[in-house]
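Asker:
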Amino acid sequence: MIELHMGYSILTKSGCKWCTKVKELLPTAHYVQCDTLLGGDFFEEIDTLTGKEYRTFPMVFYNREFVGGYEEVKYKIDTELTFDAVYF
Numbered sequence: 006m007i008e009l010h011m012g013y014s015i016l017t018k019s020g021c022k023w024c025t026k027v028k029e030l031l032p033t034a035h036y037v038q039c040d041t042l043l044g045g046d047f048f049e050e051i052d053t054l055t056g057k058e059y060r061t062f063p064m065v066f067y068n069r070e071f072v073g074g075y076e077e078v079k080y081k082i083d084t085e086l087t088f089d090a091v092y093f
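Count the sequence shown with the numbering used here and you get residues 6 to 93, in order.
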């Protein structure tokens, strides 16, 4: 079973350039390395977690709710974060 944390959780796999890019955007996120999880019931669990058939990496969740991949996270950061959300 895949464990999602509060805050950002990223399901990632080796060799994925978009996984690397999203980790750069969210360096404090919880990472779930999926290389050894692929196969079996993995995608059935993903369908349940995402609420749809999603087959690309990364898979990003915020507070256990599915956000999407790199493009969706980048858009969320660019449009939803305000100056008040930046910590110095």
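Backbone N, C-alpha and C fix where the C-beta goes; we use that ideal spot for every residue, glycine too.
Bear in mind the structure is a predicted one, so any value in this text is a computation, not a measurement.
Which value, in whole angstroms, describes the spacing of the CA atoms of L9 and T17?
Answerer: C-alpha separation (whole angstroms): 13 Å.
Asker: Quick one: is G20 buried, meaning 16 or more other Cβ sit within 10 Å of its Cβ, or exposed?
Answerer: Exposed.
Asker: Using only CA atoms, which one of F66, Y75 and G45 lies nearest to V37?
Answerer: Comparing Cα positions, the closest option is F66.
Asker: Kindly provide the ranges of any beta strand (DSSP E) runs that are 3 or more residues long and lie completely inside the stretch 22-59, ordered along the chain.
Answerer: Qualifying beta strand (DSSP E) stretches, in chain order: 35-38.
Asker: How far does the alpha helix (DSSP H) with T84 in it reach, from first residue to last?
Answerer: Unbroken alpha helix (DSSP H) run through T84: Y75 to E85.
Asker: From G44, F71, K79 and D83, pick the residue whose C-alpha is nearest to that of G12; which is it?
Answerer: Nearest C-alpha to G12: F71.
Asker: Please name the residue or residues paired with E70 in a DSSP beta bridge.
Answerer: Paired residue(s): Y67.
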